[in-house]
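K.L.:
My structure is below; once you've seen it, I'll send some questions.
2 protein chains.
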Amino acid sequence: MGIIRKTKAVKILLDLFENEFSAILAVDLVERLKNEMNKTTVYRALDRLEDEGIIHSFVGKNGLKWYAKCKNNCTSDHHNDVHPHFECKKCKKVMCLPVEVTIPNIPNHTIDNTAVFITGICDNCND
Amino acid sequence: MGIIRKTKAVKILLDLFENEFSAILAVDLVERLKNEMNKTTVYRALDRLEDEGIIHSFVGKNGLKWYAKCKNNCTSDHHNDVHPHFECKKCKKVMCLPVEVTIPNIPNHTIDNTAVFITGICDNCND
DNA sequence: AAATTAAAGCAACTGTGTTGCGATATAATA
DNA sequence: TATTATATCGCAACACAGTTGCTTTAATTT
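Residue numbers (numbering that gives the first Met the number 0), protein chains in the order written: chain A, 0 to 126; chain B, 0 to 126.
Below, the structure is given as structure tokens:
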């Protein structure tokens with residue numbers, strides 16, 4: 000762990016996430032890259048990038064998997080990106096929101112991980 | 000809307016949710032009821048019950064669909080159950096938490112719906 | 001450059017959820 | 001109660017995201 004090969008697939012994906020502000024659907028990546036690599040390759044490379052703490056994944060309302068770049072020094076052991084994900088009903092984009100969500104104390108429960116998924120209308124579409 | 004037929008499937012499902020505190024996986028329902036009804040029937044009856052505001056659904060970390068009984072006078076138009084769902088890593092149960100989660104204001108964003116999914120260890124397993 | 005190790009490609013598969021449609025049950029009406 | 005209308009059921013087939021096994025190819029190591 001800690002070592003990730005700079006394969007063609009990894010380079011392409013890294014580049015893609017570098018230039019993409021919003022999150023990307025796994026299936027969209029497969030579609031966009033179908034001429035450059037096999038879908039198995041896409042899924043496996045995404046897995047590796049996530050293991051390395053370079054990107055993180057989450058599941059949308061419909062059960063589809065999204066990926067977005069990590070910004071908070073995540074490692075293979077721990078993802079620090081516990082921010083909400085926001086899906087705009089208009090432009091359909093999904094974005095990471097740079098805000099903290101505080102979960103109220105729940106008696107006797109040990110909280111391990113929190114995923115917040117918000118839908119609504121984003122700032123861009125709200126003008 | 001507002002009228003739901005008391006079919007065999009609906010009765011069985013209602014009874015099941017009445018006696019079940021935690022949420023139930025759709026696939027588990029299909030499995031549990033496979034001798035009594037077809038899986039298509041299960042999915043369609045669940046749809047109807049959700050439309051009527053009797054149960055609500057959400058998606059777990061793995062993309063699987065969960066259903067749980069509504070407790071806050073939900074209607075077909077609006078589900079008021081905006082509580083977190085908590086999955087225990089030990090007993091694997093998923094429960095609705097009766098707490099409010101406040102999402103911080105996000106400039107220029109219109110919030111429509113919020114889904115919070117928490118994983119950890121529940122009170123029952125924490126003793 | 002040769003050997004080692006990891007990633008890529010392909011095809012076939014898994015599993016959840018959906019759809020179309022004829023058969024059947026429920027409710028409305030006569 | 002018998003008849004008609006309408007919604008649900010069951011079945012088989014399908015859609016589709018994601019996975020697996022295995023062989024080939026590419027990236028590192030020595």
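Backbone N, C-alpha and C fix where the C-beta goes; we use that ideal spot for every residue, glycine too.
For a cutoff of 9 Å on Cβ pairs, would you count H55 (chain A) as touching chain B?
P.N.:
no
K.L.:
Name the two residues that bound the continuous beta strand (DSSP E) containing K70 (chain B).
P.N.:
Where K70 (chain B) is concerned, there is no enclosing beta strand (DSSP E), given that its DSSP letter is neither H nor E.
K.L.:
Have a look at B:N104, B:N34 and B:C95 and flag the residue whose alpha-carbon is nearest the alpha-carbon of I117 (chain A).
P.N.:
B:N104
K.L.:
When you compare only the Cα positions, how much space is there between C69 (chain A) and G52 (chain A)?
P.N.:
7 Å
K.L.:
Take the Cβ of Y42 (chain A) as the centre, count every other Cβ of all protein chains shown within 10 Å, and call the residue buried at 16 or more, exposed below.
P.N.:
Classification for Y42 (chain A): exposed.
K.L.:
Since N37 (chain A) sits in a beta bridge, which residues does DSSP pair it with?
P.N.:
Paired residues: none, contrary to the question.
K.L.:
Can you tell me where the beta strand (DSSP E) with A114 (chain A) in it begins and where it stops?
P.N.:
T109 to I120
K.L.:
What whole-angstrom Cβ distance do A22 (chain A) and V115 (chain A) have, given they're in contact under 8 Å?
P.N.:
Actually they are not in contact, since the Cβ atoms of A22 (chain A) and V115 (chain A) sit about 14 Å apart, beyond 8 Å.
K.L.:
Could you check if P106 (chain B) is buried or exposed, using at least 16 other CB atoms within 10 Å of its CB as the buried criterion?
P.N.:
The Cβ neighbour count for P106 (chain B), taken over all protein chains shown within 10 Å, is under 16; the residue is labelled exposed.
K.L.:
State whether the stretch 26-43 of chain A contacts the stretch 27-44 of chain B, with contact taken as three or more CB pairs (one from each stretch) at a distance under 8 Å.
P.N.:
No, because fewer than three Cβ pairs between the stretch 26-43 of chain A and the stretch 27-44 of chain B fall closer than 8 Å, the two stretches do not touch.
K.L.:
Just to confirm, is the Cβ distance from A8 (chain B) to L63 (chain B) under 9 Å?
P.N.:
Cβ atoms of A8 (chain B) and L63 (chain B): not closer than 9 Å.
K.L.:
Within 9 Å (strictly less), CB to CB, does A114 (chain B) reach chain A?
P.N.:
Yes - at least one Cβ of chain A is within 9 Å of the one on A114 (chain B).
K.L.:
Bridge partners of S56 (chain A), per DSSP?
P.N.:
According to DSSP, which records beta bridges pairwise, S56 (chain A) is partnered with A:Y66.
K.L.:
What residues of chain A sit near C128 (chain B), judged by a beta carbon separation below 8 Å?
P.N.:
Residue 128 (chain B) is absent from the model: chain B starts at 0 and stops at 126.
K.L.:
Where K89 (chain A) and D122 (chain A) are concerned, what is the direct C-alpha to C-alpha distance, given to the nearest angstrom?
P.N.:
11 Å
K.L.:
Leaving out the 5 sequence neighbours to the left and right, which residues in its chain are closer than 8 Å to N125 (chain B) when beta-carbon positions are compared?
P.N.:
none
K.L.:
Are the C-beta atoms of E49 (chain B) and some chain A residue less than 9 Å apart?
P.N.:
By this cut-off, E49 (chain B) is not an interface position.
K.L.:
Counting only Cβ-Cβ distances shorter than 8 Å, please list the residues of the stretch 97-111 of chain A near chain B, keeping chain order.
P.N.:
V98, E99, V100, T101, I102, P103, I105, P106, N107, H108, T109, I110 and D111
K.L.:
Please name the residues in the stretch 35-49 of chain A whose beta-carbon is closer than 9 Å to at least one beta-carbon of chain B, in chain order.
P.N.:
none
K.L.:
Measure from the C-beta of I23 (chain B) to each C-beta in chain A and report whether the shortest distance is under 9 Å.
P.N.:
no
K.L.:
Bridge partners for L24 (chain B) per DSSP, in chain order?
P.N.:
B:W65
K.L.:
Residue range of the beta strand (DSSP E) that E86 (chain A) falls in?
P.N.:
Run containing E86 (chain A): H84 to C87, per the beta strand (DSSP E) assignment.
K.L.:
With H, G and I counted as helix, E and B as strand and the rest as coil, what does DSSP make of C124 (chain B)?
P.N.:
DSSP places C124 (chain B) in helix when its eight states are reduced to three.
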